[in-house]
Amino acid sequence: MFRKVKLLTIVWLFAVLTGQGFGQQYKPDWSSLVRHQTPKWLQEGKFGIYTHWGIYAVHAHGSNTTWYSFALYRDPNSDARKHFERTFGPLTPDFGYKDLIPKFTAEKFNHDEWAELFKKAGAKFAGPVAEHHDGFAMWDTKYSEWNAAKMGPKRDIVGELEKAYKKAGMKYLTAFHHAANWFFFPVWDKRYDTGDPKYSGLYGQPHKPGEKRNQAFIDEWYGKIIEVIDKYDPDFIWFDFALDAIPEGYVKDFLAYYYNKALEEGKEVIVSYKQHDLVPGAGIRDLELGQEHTLTYNDWITDTSIDDRGAWGYAEDLTFKTPNRIIDNLVDRVSKNGYLLLNVGPKPDGTIPEGAKKVLLEIGSWLNMNGEAIYGTTPWFIAGEGPTKLGKADETGFNEENVVYTPEDIRFTVKGDVLYATFLDWPGKKAVIKTLRDPSIKINVNDLPDWAKPEKSLPLAGTKWEIKNEEGETVKYEFYKNGKFKVAGGEAGKGMMGEYQQVGEDVYLSIGGFSWHGKYDGNEFKVVEDESPHYEGFYKEEIKRITLLGYDKDLDWVMTPQGLVIKMPDKKIGNYAHVVKIERFHHPKIK
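Using UniProt numbering, count along the sequence shown one by one with no gaps and you end on 591.
Below, the structure written as structure tokens:
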């Protein structure tokens, strides 16, 4: 009896701790499914890797290798058609894309080597594309003979990777693109092997152009996903576009099945989707080759490719993004409540291209030094500061840019009472965080330590200026040596007295509770719009110590109206982005 009561207590405690009490199972309706929460492991892990690997690795050609077979059959003048016929032979009713399968050998594929590499790269979750648009499944499925266990490699790739990745301590992802298989090949065109019904297991159910998906296709789409859930127990199911072409009831049934199975097993899972393919809250939205331009209050994920053209699969002429670009992308996304899923395209023999390996290991090396500013953090009130502006994402993404950041570009994350400020380029001997400025501080520039003094001394005292405001009115400024100034005209009317402070070219003006910003370069004074964010709730008294990750000494600092000014080491520490760690008192004593 005691054992039974003890067991019930444990079950009850688990239900309370996970927030899923008895009767809290998910129903296949949106009002129930939107209760699902992002797993803690994803919130903390931030960074994952997946692989586009299949038949498309064989031809190894094209700007997007996974869409090669689409263009192959559609346009006789396409680059894909010319390349295929030049390399493999002409398309006929008997010969086509399917005949590349025997060349997809995977003879050097080692799942443990992949797992070791991705773990060294710093990934906390990883997985394969289980099935792409081309209809070739990478697991031993009962729904089609066109799979990697029966053809080509004759190995259960999804199954092997599941064991290897989980053994390495990573969560397991499976990516599905197969909803688009319906339109991907011209199954109505008898000139090609795509029009032969005996190949419909690969090329898709026979139908006419423009017809909606039939019941057989929908049943297979659903069955394959449930089969992968039951056989391989993925933690993350990632969907490409076209999920919105599946009848809504089947999508809701799948989600309820997956989420309830996770509840029964006591694990956390997640589903991602493109565009508006799920109701908001039922999963997490993915931006392909994209990013949010600002901090969001709903978390999101972006998938990007390690190659620099978005080929996704392997191509012989691939070049790769720099480690710096990918690290900057990771830092930027995490600061805005996002996660990064990085794609790698292996060769048909199962090896990872050397260029990709080098980039991955550099990312891992950076994360070994700076990962505490990424893993387990949350966004702060403000994502960052700096002059570099990013384009706004639309519903699909595709706004990723090859951005060259400056030393003034900073991104913030927070963990406990620690604020991390990641500089996306080395700031030099002096780092300034304008977001943490305190305009109320009164300083004498001459009293600042030498390292914190502005490079230029441009005395504004004794000068007079006339400036046109936004309404076209003339406003007169007169600056005095005692830190006072007079402003007349516009809203100031016949004149008001205020105080100003000058730090280099920056001029901070205040009258009563109002403050604004000016610039003086020695030749001209002007009022400027201060584009840097300002977090008023940050006080200098809360700073316990400031350090630089990878450097074993504390950093000197001083608070000014310009910002938190930090003395950096004389020599650059580390590569790529640089993390300043600001440890704070939880309850500072404010003077």
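Yeah, the Cβ is synthetic: ideal placement off N, Cα and C, and Gly gets one too.
Straight-line CA distance for residue i to residue j?
{"i": "residue 246", "j": "residue 213", "result": "8 Å"}
{"i": "residue 489", "j": "residue 473", "result": "7 Å"}
{"i": "residue 407", "j": "residue 324", "result": "13 Å"}
{"i": "residue 356", "j": "residue 560", "result": "44 Å"}
{"i": "residue 321", "j": "residue 307", "result": "6 Å"}
{"i": "residue 10", "j": "residue 112", "result": "For residue 10, the pLDDT reaches just 47, beneath the cut-off of 50, and the residue's location in the model is therefore unreliable, although a value from the coordinates is still provided. Computed Cα separation, rounded: 36 Å."}
{"i": "residue 336", "j": "residue 294", "result": "6 Å"}
{"i": "residue 261", "j": "residue 75", "result": "45 Å"}
{"i": "residue 159", "j": "residue 556", "result": "53 Å"}
{"i": "residue 21", "j": "residue 235", "result": "Unreliable placement is indicated for residue 21, whose pLDDT of 41 sits below 50; the coordinate value is still reported in the next sentence. If I take the Cα positions, the gap works out to 21 Å."}
{"i": "residue 464", "j": "residue 587", "result": "45 Å"}
{"i": "residue 26", "j": "residue 282", "result": "11 Å"}
{"i": "residue 459", "j": "residue 570", "result": "29 Å"}
{"i": "residue 179", "j": "residue 221", "result": "7 Å"}
{"i": "residue 297", "j": "residue 397", "result": "17 Å"}
{"i": "residue 153", "j": "residue 389", "result": "46 Å"}
{"i": "residue 366", "j": "residue 226", "result": "38 Å"}
{"i": "residue 243", "j": "residue 182", "result": "12 Å"}
{"i": "residue 64", "j": "residue 276", "result": "24 Å"}
{"i": "residue 101", "j": "residue 303", "result": "27 Å"}
{"i": "residue 574", "j": "residue 414", "result": "21 Å"}
{"i": "residue 531", "j": "residue 442", "result": "22 Å"}
{"i": "residue 219", "j": "residue 143", "result": "10 Å"}
{"i": "residue 506", "j": "residue 590", "result": "27 Å"}
{"i": "residue 138", "j": "residue 404", "result": "38 Å"}
{"i": "residue 145", "j": "residue 200", "result": "11 Å"}
{"i": "residue 150", "j": "residue 99", "result": "14 Å"}
Check this for me: beta carbons of residue i and residue j, under 7 Å apart or not?
{"i": "residue 164", "j": "residue 157", "result": "no"}
{"i": "residue 579", "j": "residue 383", "result": "no"}
{"i": "residue 567", "j": "residue 426", "result": "no"}
{"i": "residue 314", "j": "residue 57", "result": "yes"}
{"i": "residue 48", "j": "residue 126", "result": "yes"}
{"i": "residue 581", "j": "residue 547", "result": "yes"}
{"i": "residue 339", "j": "residue 363", "result": "no"}
{"i": "residue 402", "j": "residue 393", "result": "no"}
{"i": "residue 70", "j": "residue 184", "result": "yes"}
{"i": "residue 96", "j": "residue 232", "result": "no"}
{"i": "residue 237", "j": "residue 174", "result": "yes"}
{"i": "residue 380", "j": "residue 52", "result": "no"}
{"i": "residue 584", "j": "residue 417", "result": "yes"}
{"i": "residue 533", "j": "residue 435", "result": "yes"}
{"i": "residue 499", "j": "residue 510", "result": "yes"}
{"i": "residue 124", "j": "residue 45", "result": "yes"}
{"i": "residue 419", "j": "residue 409", "result": "no"}
{"i": "residue 109", "j": "residue 54", "result": "no"}
{"i": "residue 186", "j": "residue 73", "result": "yes"}
Can you pull the DSSP bridge partners for residue i?
{"i": "residue 598", "result": "Since the displayed the chain opens at 1 and closes at 591, residue 598 lies outside it and no answer follows."}
{"i": "residue 518", "result": "507, 527"}
{"i": "residue 410", "result": "385, 423"}
{"i": "residue 301", "result": "286, 339"}
{"i": "residue 126", "result": "49, 172"}
{"i": "residue 59", "result": "Answer is none; residue 59 lacks a bridge partner."}
{"i": "residue 430", "result": "567"}
{"i": "residue 272", "result": "238, 284"}
{"i": "residue 147", "result": "137"}
{"i": "residue 404", "result": "In the DSSP output, where bridge partners are listed per residue, residue 404 has none listed."}
{"i": "residue 537", "result": "Per DSSP, none; premise fails for residue 537."}
{"i": "residue 465", "result": "477"}
{"i": "residue 207", "result": "Its beta-bridge partners do not exist; DSSP assigns none."}
{"i": "residue 35", "result": "None; residue 35 has no bridge partner."}
{"i": "residue 84", "result": "According to DSSP, which records beta bridges pairwise, residue 84 is partnered with nothing at all."}
{"i": "residue 557", "result": "566"}
{"i": "residue 43", "result": "Residue 43 is not bridged to any residue."}
Assuming the contact rule is C-beta atoms closer than 8 Å, residue i and residue j should be a hit. Round their C-beta distance to whole Å, please.
{"i": "residue 663", "j": "residue 411", "result": "No answer is possible for residue 663: the residues shown for the chain start at 1 and end at 591."}
{"i": "residue 654", "j": "residue 328", "result": "The chain is shown from 1 up to 591; residue 654 falls before or after that span and cannot be answered."}
{"i": "residue 618", "j": "residue 190", "result": "It is not possible to answer for residue 618, since the shown part of the chain is limited to 1 through 591."}
{"i": "residue 563", "j": "residue 433", "result": "5 Å"}
{"i": "residue 517", "j": "residue 503", "result": "With a Cβ gap of about 11 Å, residue 517 and residue 503 do not count as contacting."}
{"i": "residue 349", "j": "residue 106", "result": "7 Å"}
{"i": "residue 84", "j": "residue 131", "result": "The pair is not a contact, with the Cβ atoms about 22 Å apart (cut-off 8 Å)."}
{"i": "residue 360", "j": "residue 117", "result": "6 Å"}
{"i": "residue 341", "j": "residue 326", "result": "At roughly 12 Å, the Cβ-Cβ gap does not stay under 8 Å, so residue 341 and residue 326 are not in contact."}
Check whether chain C comes within 7 Å of residue i, counting only Cβ atoms and requiring the distance to be less than that.
{"i": "residue 574", "result": "The chain labelled as chain C is not found in the depicted structure, where only one protein chain is given."}
Is the segment 205 to 219 touching the segment 251 to 260, taking contact as three or more C-beta pairs under 8 Å? no
Taking three-plus beta-carbon pairs below 8 Å as touching, is the segment 39 to 49 in contact with the segment 288 to 298? Contact between the segment 39 to 49 and the segment 288 to 298 is absent: fewer than three C-beta pairs spanning the two stretches fall below 8 Å.
Would you be able to state if there are at least three C-beta pairs under 8 Å between the segment 215 to 225 and the segment 165 to 172? no
Any chance the segment 267 to 277 sits against the segment 190 to 204, with 3 or more Cβ pairs inside 8 Å? no
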